[in-house]
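Novice: Sharing a structure with you now.
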Amino acid sequence: MHSMTPPQAASPAPTLYGLDAWLNFLVDKTLPIRASTRQRLLKLLQNPNSNLLSLIPVAQQDPVLCLHLTRAAQALHQSKDSQVSGVSHAIQTLGFERIQALIKEMPVLKINIHQVAHKMFYRATADSHHASTQAWSWAEQKKMNGAEELRLAALLYGFVHWMVWFYAPRHKHAYQERVYQQKQDVALAEHEVFGCTLQALGLELAKAWQLPELIQQALDHDTSPSARMLQLLHLKALGDPRLTEAKLREVSHFAQTRAFPVKLANWLALTATRGWQSPKAQRLFDIISDYLNQSKDQTLAQLHQHCALSSRLYPLPGVLTPAAELLFIPAKMEFTPGLLSAAEIAKLGPDVPEVQPVAHLQTEPAPTPSQIATANKGFRDEDFYQRTLLNLQKASRQTLTSASLMRELLKGLHQGLGLKRLALLQIQPGRKLKTVFQQGFDQHPMDNFSLDLEIPSLFKRMVEKPSFVWLTSEQREKLAPLLPASFLALEPPSGALLLSLFTKNMPLAIVYADMGADLCLEDPFFAEHFRSLCSQASQALKTLNQD
Numbered sequence: 000m001h002s003m004t005p006p007q008a009a010s011p012a013p014t015l016y017g018l019d020a021w022l023n024f025l026v027d028k029t030l031p032i033r034a035s036t037r038q039r040l041l042k043l044l045q046n047p048n049s050n051l052l053s054l055i056p057v058a059q060q061d062p063v064l065c066l067h068l069t070r071a072a073q074a075l076h077q078s079k080d081s082q083v084s085g086v087s088h089a090i091q092t093l094g095f096e097r098i099q100a101l102i103k104e105m106p107v108l109k110i111n112i113h114q115v116a117h118k119m120f121y122r123a124t125a126d127s128h129h130a131s132t133q134a135w136s137w138a139e140q141k142k143m144n145g146a147e148e149l150r151l152a153a154l155l156y157g158f159v160h161w162m163v164w165f166y167a168p169r170h171k172h173a174y175q176e177r178v179y180q181q182k183q184d185v186a187l188a189e190h191e192v193f194g195c196t197l198q199a200l201g202l203e204l205a206k207a208w209q210l211p212e213l214i215q216q217a218l219d220h221d222t223s224p225s226a227r228m229l230q231l232l233h234l235k236a237l238g239d240p241r242l243t244e245a246k247l248r249e250v251s252h253f254a255q256t257r258a259f260p261v262k263l264a265n266w267l268a269l270t271a272t273r274g275w276q277s278p279k280a281q282r283l284f285d286i287i288s289d290y291l292n293q294s295k296d297q298t299l300a301q302l303h304q305h306c307a308l309s310s311r312l313y314p315l316p317g318v319l320t321p322a323a324e325l326l327f328i329p330a331k332m333e334f335t336p337g338l339l340s341a342a343e344i345a346k347l348g349p350d351v352p353e354v355q356p357v358a359h360l361q362t363e364p365a366p367t368p369s370q371i372a373t374a375n376k377g378f379r380d381e382d383f384y385q386r387t388l389l390n391l392q393k394a395s396r397q398t399l400t401s402a403s404l405m406r407e408l409l410k411g412l413h414q415g416l417g418l419k420r421l422a423l424l425q426i427q428p429g430r431k432l433k434t435v436f437q438q439g440f441d442q443h444p445m446d447n448f449s450l451d452l453e454i455p456s457l458f459k460r461m462v463e464k465p466s467f468v469w470l471t472s473e474q475r476e477k478l479a480p481l482l483p484a485s486f487l488a489l490e491p492p493s494g495a496l497l498l499s500l501f502t503k504n505m506p507l508a509i510v511y512a513d514m515g516a517d518l519c520l521e522d523p524f525f526a527e528h529f530r531s532l533c534s535q536a537s538q539a540l541k542t543l544n545q546d
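Per numbering that gives the first Met the number 0, numbering through the sequence shown is continuous, rising by one, with the last residue being 546.
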């Protein structure tokens, strides 16, 4: 019988962080099927009156078994360059003998309602079953080809969540804390805890396991909608008259892709776990109503019916099912689901990986509030500042290049305004933000600071449109869910200034400035003049590109 606690080992628990580390850790792992599933299957396999069709209903009631059957069947199809198109297709491909051999090799697991990690593992599979049921119902309603293929893809889209709940409950515990308690964006929390998004990890595992192509397409970040596309989808659902024909065609084309209902069903299932009445859930209901071309009331009724159907088809005694949450009265969530008790964490075996602690990157101890003085209001050299402002106003290709303009700006901020520490964070190929110049950071990790701009954060927002941020202590607390830990380790509690520069409507760089750890930037004098000089540099960039 398989246990949630991996076997004891002499070596210490590994610390995992980053896509490659997680892929290497999980690629050879397997998940257990339910003990009741195994008993029912063996009984059917031993019954001389059974046929392959009689196995399908049992298989569809265990998402983990569906994963095993799909992997085994797809391995046979790979040589023929064909795809498994559903659970029934996988069963027919394998046949009685192979399925019987496979069942005997699979580990089994009984539900233990006293283990949080155990219950959350099964809840993750229930969410996937819910998504699968919704996607199948939409395909049937729209009379789409390949309804079973969509059903299987929606079921296995979230398999990586099953894997990490089972093999890395410490990481899921840390993730739940960030999302529910610290209100971090889901993707940012995943990147902080795992070093990658779980969708990216799921895609790499799907490739390694040669899962069907539709599952891989749905997991590919390149097929995910941008924030702009999500907004357009919602505007179309609301019938916004401002949408042009070109935008309507763009949205319709995206919604017609095979991966769209797979993604949409899983967004619904994962969003509903945080409340059916949440604003995000309401936006999804609008989009689904538009996708099904029916009223929102009719859509909600169907969503509730199929959520209940999923919970009936996949009963989990002792585990809160998706349908049970439909009964909850809308209220602010006062608890954080999925948190392991100290006793449960202590019982985890050494093969369960540890969460990598946030690297403490500061080169000197952070000062206490009493040690932080307010920077003296006033220029370091007002004449120098004004000359810089004038040079930027008169900028042309004859007087400045983009590189020299940046140098001029940073000199004006440092020598003129008197800001002690400056950094230029430039957008690199592959949507990376990286420090390309710094001043005043003596042997400091700011030199090597980099960030993935695909991960939702304050920086991603700043490169989507020209932005100015004054990180006072109050703003720092307000924006904390959007600030990556790698940046918080660099930015002093005394405050900082940031402004994004654009050229040809494209983000070029973010200018960062602070007064060091022992001087705070609470006075608006520095913020106003920092913004003024940077804004003039932004105008100068436009002038250079027009010359």
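Just so you know, even glycine gets a beta-carbon here, dropped at the ideal spot from N, CA and C.
Nothing here was measured: the structure is a model prediction, and the numbers come from that model.
(1) Suppose only complete runs of 4+ residues qualify. What are the alpha helix (DSSP H) ranges in the region 435–495, listed by chain order?
(2) Suppose the cutoff is 6 Å on Cβ atoms and the five residues either side in sequence are ignored; what does the same chain contact list for S87 look like?
(3) Consult DSSP for L308 and reduce its assignment to one of helix, strand or coil.
(4) What did DSSP end up calling S223 once you bin it into helix, strand or coil?
(5) Classify P428 as buried or exposed, calling it buried when 16 or more other Cβ atoms lie within 10 Å of its own Cβ.
(6) Where A556 and R70 are concerned, what is the direct C-alpha to C-alpha distance, given to the nearest angstrom?
(7) Indicate whether the contact test is met: 3 or more Cβ pairs, each with one atom in the region 168–179 and one in the region 337–357, closer than 8 Å.
(8) So T256 packs on A394, CB below 8 Å; how close in whole Å?
(9) Per DSSP, what are the beta-bridge partners of C65 in this structure?
(10) So is I112 buried or exposed if we call it buried at 16+ other beta carbons inside 10 Å?
(11) Under the rule that 16 or more other beta-carbon atoms within 10 Å means buried, what is H582, buried or exposed?
(12) Identify which residue in W135, Q535, S81 has its Cα closest to the Cα of T387.
(13) At a cut of 8 Å, does the region 29–39 reach the region 169–189 through at least three beta carbon pairs?
(14) Can you list, in chain order, the residues of its chain whose CB lies under 6 Å from that of R475, leaving out five sequence neighbours each side?
(15) Output the boundary residues of the alpha helix (DSSP H) element that contains V510.
(16) In chain order, what residues of the same chain lie with their CB nearer than 6 Å to the CB of P314, ignoring the 5 residues before and after it?
(17) Would K588 be called buried (16 or more neighbouring beta carbons within 10 Å of its own) or exposed?
(18) Using only the alpha-carbon positions, how far apart do G337 and R241 sit?
(19) For A173, report the span of its alpha helix (DSSP H) as first-last.
(20) What does C195 pair with, by DSSP beta-bridge criteria?
(21) Would you kindly work out how many angstroms separate the C-alpha atoms of F383 and Q414, rounded to a whole number?
(22) To the nearest angstrom, how far is it from the Cα of H128 to the Cα of V318?
(23) Give me whichever residues DSSP pairs with S499 in a beta bridge.
(24) With distances taken Cα to Cα, identify the nearest neighbour of G157 among Q215, W137, L404.
(25) Work out the CA separation of A280 and T270 for me, nearest whole Å.
(26) Take L22 as the anchor and find which of A205, F120, L75 has the nearest alpha-carbon.
(27) Taking only three categories from DSSP, how would you classify K433?
(28) Could you pull out every residue in the same chain whose Cβ sits closer than 8 Å to the Cβ of P312, ignoring the five residues on either side in sequence?
(29) Say whether the region 487–504 touches the region 514–523, bearing in mind that this needs 3 or more beta-carbon pairs closer than 8 Å, one atom from each stretch.
(30) In whole angstroms, give me the CA-to-CA distance for L470 and L497.
(31) Keeping to the same chain, check which residues put their C-beta closer than 6 Å to that of A307; ignore five residues upstream and five downstream.
(32) Between K503, F436, T196, K419, which lies nearest to E463 when the distance is taken from Cα to Cα?
(33) Measure the C-alpha to C-alpha separation of L283 and D296 and round it to an integer number of angstroms.
(34) Considering A422, what are the terminal residues of the alpha helix (DSSP H) in which it resides?
(35) For A402, does the count of other Cβ atoms within 10 angstroms reach 16, so buried, or fall short, so exposed?
Specialist: According to the structure data:
(1) 457–461, 472–478, 484–487
(2) As a working mapping, residue 87 is identified with position 88 in the sequence shown. Hits under 6 Å: I55.
(3) For this step, residue 308 is matched to residue 309 along the sequence shown. In the structure shown, L308 sits in a helix (DSSP, three-state: H, G or I).
(4) As a position in the sequence shown, residue 223 is number 224, starting the count at 1. Three-state DSSP puts S223 in coil, outside helix and strand.
(5) Sequence index remark: in the sequence shown, residue 428 carries index 429 (1-based). P428 comes out exposed.
(6) Because the chain is modelled from 0 through 546, residue 556 falls outside the range shown and cannot be assessed.
(7) yes
(8) Mapped onto the sequence shown, residue 256 falls at position 257. Mapped onto the sequence shown, residue 394 falls at position 395. 45 Å between Cβ atoms; not a contact.
(9) Locating residue 65 in the sequence shown gives position 66, where the first residue counts as 1. Note: C65 sits in no beta bridge, so no partner.
(10) Counted from its first residue, the sequence shown places residue 112 at position 113. Classification for I112: exposed.
(11) No statement about residue 582 is possible, as the shown extent of the chain runs from 0 to 546 and does not include it.
(12) Start at 1 with the first residue of the sequence shown, and residue 387 comes out as number 388. Among W135, Q535, S81, the Cα nearest to that of T387 belongs to Q535.
(13) no
(14) Reading the sequence shown from its first residue, position 476 is the one you call residue 475. Cβ neighbours of R475 beyond the five flanking positions: none.
(15) Locating residue 510 in the sequence shown gives position 511, counting from the first residue. Premise fails: V510 lies in the beta strand (DSSP E), 505–513, not in any alpha helix (DSSP H).
(16) Taking the sequence shown and counting its residues from 1, one reaches residue 314 at position 315. There are no such residues.
(17) Nothing about residue 588 can be read from this structure; the chain reaches only from 0 to 546.
(18) To locate residue 337, count along the sequence shown from 1; it is residue 338. To locate residue 241, count along the sequence shown from 1; it is residue 242. So the two alpha carbons sit approximately 43 Å from each other.
(19) Walking along the sequence shown from the start, residue 173 turns up at place 174. Counting along the chain, the alpha helix (DSSP H) containing A173 begins and ends at 168–175.
(20) Looking up residue 195 in the sequence shown gives position 196. According to DSSP, C195 bridges with nothing at all.
(21) Within the sequence shown, the letter at position 384 stands for residue 383. Within the sequence shown, the letter at position 415 stands for residue 414. Their backbone Cα atoms lie some 7 Å apart in a straight line.
(22) For the purposes of this step, residue 128 is taken as the residue at position 129 of the sequence shown. For the purposes of this step, residue 318 is taken as the residue at position 319 of the sequence shown. Taking the straight line joining both Cα atoms gives about 14 Å.
(23) Walking along the sequence shown from the start, residue 499 turns up at place 500. DSSP output for S499 lists I509 as bridge partner(s).
(24) Here residue 157 refers to the residue found at position 158 of the sequence shown. Ranking the options by Cα distance to G157, first place goes to Q215.
(25) Your numbering for residue 270 matches position 271 in the sequence shown. Your numbering for residue 280 matches position 281 in the sequence shown. Taking the straight line joining both Cα atoms gives about 6 Å.
(26) For the purposes of this step, residue 22 is identified with residue 23 of the sequence shown, where counting begins at 1. Ranking A205, F120, L75 by Cα distance to L22 puts A205 first.
(27) The sequence position of residue 433 within the sequence shown is 434, counting from 1. It is a strand residue.
(28) Taking the first residue of the sequence shown as position 1, residue 312 is located at position 313. Just to set this straight, residue 312 is Leu in the shown sequence, not Pro. Hits under 8 Å: Q59, Q60, H128, T132.
(29) yes
(30) As a working note, residue 470 is residue 471 in the sequence shown. As a working note, residue 497 is residue 498 in the sequence shown. Cα to Cα, the separation comes out at about 8 Å.
(31) Here residue 307 corresponds to residue number 308 of the sequence shown, with the count starting at 1. Here the set comprises A322.
(32) As a position in the sequence shown, residue 463 is number 464, starting the count at 1. Nearest option by C-alpha distance: K503.
(33) In the sequence shown, the residue the question calls residue 283 occupies position 284. In the sequence shown, the residue the question calls residue 296 occupies position 297. Going from the Cα of L283 to the Cα of D296 covers about 13 Å.
(34) Here residue 422 corresponds to residue number 423 of the sequence shown, with the count starting at 1. That residue, A422, is in no alpha helix (DSSP H); its beta strand (DSSP E) goes 420–427.
(35) The residue labelled residue 402 in the question sits at position 403 within the sequence shown. Exposed.
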